[in-house]
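Just so we're aligned: 462 in the working numbering is position 459 of the sequence shown, and the numbers increase by one with no gaps anywhere. Inspection log for the structure reproduced underneath, given as structure tokens.
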Amino acid sequence: MPPRFESLPQRRSIIDRRTVADALAALDGDRTALRAAATLLLKQALDAGRAEIGRRLVEHPSRGLEAAAGQAFLTDQLLRLLYDFTVQRVYPVSNPTAAERITIIAVGGYGRGEMAPYSDIDVGFLTPGKQPPWAEQVIETMLYALWDLGLKIGHSSRSLDEMVRQAKSDVTIRTALLEARYVWGDQPLYDEAAHRFKAEVQADTARQFIADKLAERDVRHHKMGDTRYVVEPNVKEAKGGLRDLHTLFWIGKYAYNVTEPGELVEAGLLSRDEYRQFHRAENFLWAVRCHLHAISGRAEDRLTFDLQREIAERMRFADRPGKSKVERFMHYYFLQARTAGDLTGVFLAHLDEKFAARGRRFGFPVLRRSPRKLNGFTLVRGRLALPSDDFLAEKPVRLIELFALADKHGLEIHPLAMRAASRDAKLADEIRQDPTANALFLDVLTSRRDPETVLRWMNETGVFGRFVPDFGRVVAQMQFDMYHHYTVDEHTIRAIGLLARIERGELDADHPLCAALLKQIVSRRALYVAVLCHDIAKGRGGDHSILGAEVAERLAPRLGLSPAETETVAWLVRWHLLMSATAFKRDLSDFKTILDFTAVVQSPERLRLLLVLTVVDIRAVGPGVWNGWKRQLLADLYESGEEVLRLGHKQKGRTERIAAKQSALRETLGWDDARFGSLVAKLPEPYWVAEPEDVIADNAALIAQAGETALAIAARVYPERGATLVTVYAADHPGLFYRIAGAISIAGGNIIDARIHTTRDGMALDNFLVQDPMGRPFDEAGQLVRLKKAIEDALANRVKLVERLLAKPLVRTRAEAFPIAPNVLIDNKASNRFTVIEVNARDRPALLHQLAHALFQSKVTIHSAHVATYGERAVDTFYLTDLTGEKIGAGSRLRTIERRLLGAAAGERLVEAA
């Protein structure tokens, strides 16, 4: 019996094999009746065993390995009972030949004695040679019975020769058989199979097997996001998940013939303390996986937001000030995932030493040069290493110097040096105020080479969090929302890496403005320290921007920054969300928006720094968050703000600006004076300010094409903004905007920006930027036709908008995992001409339509709408006037509007307007 089963308490309360065997022996009838009755008995035993294991998991929610072993033990007993019943009652053979022998082996995870409730059962049937008819009948009968039990079986039937041949040619089969374990049947046949596998497959192939498994691991990591800090991790396959721990064990078993993880210590691969970490991580990850299966009722290994909350409850995590139970649970999860990563590095080091004489190192690049000045550190096969085990303890500043030298010379750090740094990380407490240590750390942080990689190494050893304790507080801290893809520390390190890449010129095509501005920036050190500190106060309860600025005021002087640099860092951290909030949630054509923004910024240098910080912050949130539309809005705000800061708080002649646009348009269109004069007379002054020249040219062409018709619609891909520009030119009437918004939603579009104009002759000229649900432009001809048709039908009242929208299925059910209370903010100071209303709500299809409908019912005029989405949260901002074109000042009226918007944001049923 495997050691994991021996330590399983009260095994007979999971399944009592003798009792079930007696019940099976008492069955009577023909072969068909016997099989049906036996399946029923075994199904009852399976259900009772699963219920007992589930009860134990609820009672002791952290005992993951015990639950995993219980599932494997239950499966073993069922297979033994089924095999005995089949060969004794269904297909008995009184005098078996040498060929009529079967051994049943457990392979894969089941072979290790670890299974989640709905894991596949990987089982192998071995025969001495070609299968005789009796063996085929027995195997077929057992498989049908297992399927009837509702189990998901992964099975193979092989002769010993086939097993050896296939294991040699396929690393997946070889890995499965590496963990093969005898379950039942002919024991001598199993012993022969195990001997042949070791002698004919395993011998002298360890190096190739290790290389194959590491390559397989790298492919898996890339597929899963290549970081252990993705906020919806796959517990089994992701970086730092169970599969990584399994890979270590496979390699140890293949190269050192260990049979249990505990034997990794005897083999010298892990220290006792490291094995305890291995065991703790494995136990926790198995507990999480078993809870995932139990809650889902199926084989579910992805720790999605909705399941995170329930598992945190089950595992008895509690809320703490500034951090919810689910965030505390995920924080602990990521710490265990990091442990798996640390152990991988140690493991590779030992394997590297063992196989050093035979070629390249595992998983490490080849070094091309050897620096001389290493201040006592040594090079071991091209990697930075320690001359003695107590080298760091002798002079703790070496703890930071290790990473500074790695950065300076472009060196890999030897895993044993990483192991020593991890062990001695607490020494960082002694050198926090040491000027040399702080200068070395600042050199790494502001490196022109690759600060991201070296800071990640520093973080993985725990040195980063010890040396900068405020950063240590956000290590492995998740943010429970759909917007942030990574933990706070991973997001921060990625942002620093992006800044370095932009500065090196690697992202010029994506960020031409930032690349140009970085050459002008004077406060380079302040910018890097601000990126480090911008989210450093998350999870403390309170505004992390304000709290983070306080941290920056303490940390920056310690790192050696001047008082002026410190002030800049603190200001950047305090206002790091200002530029994105202004660009994405306010009307940039309203000059008051620019004046309010520049009143906070106050200097061109701060503006340059803030733009770069904003860009790397957004891009480091995760894949798919950054797009052309956001780039364009930020560039527009930068240019407008830079002009005000350069020229003072005096708008560059509005009349001159309009005249310049009109002159450029006339040249583009080539119209005569009378025709062009007629167009200019139609369009009001705010229109010329709000729209860029290319959109005005498109609009003019549409107006000319429409002539006297009551409705004209144009749609074209607008690559500069990563969206499709939809223009509607129609006779203006109340409710036009909400009908268009509903129609675009029916056609499958999301409106990300809207500008609404009324010409002087009573026509509506509305420009919408539309993306598909994946954040891409509508660019297929069929999509554009469907979009135009939906708008035509809605404006002609040929379709019941509300009914169509209600019938449309909701696609973003993940957002339901997050409680978001709708909120309406009314601001009469943000604009001189308009009342600005901002609505926060859970994102869902047709939200903008419902909000616009509520405003239509409130009898107000919408002049522009701006839509920003942060994961599950939508922020829609409207610039409004009353029907006479004035700001809305009456308190009672504003309260009515607020009430209607709150109802719409909460999803209250609309009444279709006539």
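Cβ coordinates follow ideal geometry from the N, Cα and C atoms, glycine included. Owing to the predicted nature of the structure, the values given are computational and were not obtained by experimental measurement.
The alpha-carbon separation between S65 and L288 amounts to approximately 9 Å. Taken in chain order, the unbroken stretches of alpha helix (DSSP H) that lie wholly in the segment 126-189 and span 4 residues or more are 136-151, 163-172, 174-181.
Shown here for L530: same chain residues with a beta carbon closer than 8 Å to its own, the five before and five after excluded, namely L502, I524, L575, L612, V615, L616 in chain order. Q311 counts as buried, since no fewer than 16 other beta carbons sit within 10 angstroms of its beta carbon. P687 has its alpha-carbon roughly 20 Å from the corresponding atom of L714.
Runs of alpha helix (DSSP H) with 4 or more residues, each lying fully within the segment 465-550, are found at 466-470, 472-475, 491-506, 515-521, 527-536, listed in chain order. Counting of Cβ neighbours within 10 angstroms places N770 among the buried residues, the total reaching 16 or more. The C-beta distance from S834 to Y873 rounds to 23 Å, too long to fall under 8 Å, and the pair is not in contact.
The alpha helix (DSSP H) runs of length 4 or more contained entirely in the segment 407-456 are, from start to end of the chain, 418-426, 438-448. Under the DSSP assignment, L714 falls in the beta strand (DSSP E) whose first and last residues are 714-721. Between A258 and A209, the gap from beta carbon to beta carbon is short of 7 Å.
Boundaries of the beta strand (DSSP E) harbouring N826: 826-830, taken from the DSSP string.
Going by beta carbons, V238 and R292 fall inside the 7 Å limit. Residue pairing from DSSP places Y732 in a beta bridge opposite A715, L768. Of the candidates P825, L521, F320, V624, V624 places its Cα closest to the Cα of D538. Remark: C-beta atoms of T106 and Y193 approach each other more closely than 7 Å. For secondary structure counted as the alpha helix (DSSP H) over 4 or more consecutive residues, the segment 773-804 holds these complete runs in sequence order: 784-798.
Within the same chain, and ignoring the five residues on either side of A540 in sequence, the residues whose Cβ sits closer than 7 Å to its Cβ are H547, L550, G551, V554.
Per the DSSP secondary-structure output, E556 pairs with nothing in a beta bridge. Around the beta carbon of R801, a 10 Å sphere encloses fewer than 16 other beta carbons of the protein chains shown; the residue is thus reported as exposed. In terms of Cβ geometry, I416 and A440 do not form a close pair [threshold 7 Å]. With a threshold of 16 other beta carbon atoms within 10 Å, P780 meets it and is buried.
I823 sits close to R876, with the two beta carbons spaced by under 7 Å. The C-beta of K522 has fewer than 16 other C-beta atoms within 10 Å across all chains shown, which makes the residue exposed. Spatial neighbours of D764 in its own chain (CB-CB distance under 8 Å, excluding positions within 5 residues in sequence) are listed in chain order as K685. A buried status is given to A170, since no fewer than 16 other beta-carbon atoms sit within 10 Å of its beta-carbon. Look at K239 here: in three-state DSSP terms it is coil, with no helix or strand label. Taking a cut-off of 8 Å on C-beta distances, the segment 318-329 does not touch the segment 94-104, as fewer than three cross pairs fall below it. Using a Cβ-Cβ distance cut-off of 8 Å, the segment 84-101 and the segment 57-75 are not in contact, since fewer than three pairs of beta carbons, one from each stretch, lie closer than that value. Within the DSSP bridge table, the entry for D885 names V863 as partners. Burial of G255 is indicated by the presence of at least 16 other C-beta atoms within 10 angstroms of its C-beta. Between the segment 492-511 and the segment 424-444, the count of Cβ pairs shorter than 8 Å is below three; the stretches do not touch. For N753, the uninterrupted beta strand (DSSP E) segment begins and ends at 753-761. Each of L728, E556, T175 was checked against the Cα of L217, and the nearest Cα belongs to T175.
The shortest CA-to-CA distance from R504 to any of T880, T456, L580, Q480 is the one to T456. Rounded to whole angstroms, the gap between the alpha carbons of D432 and V466 is 9 Å.
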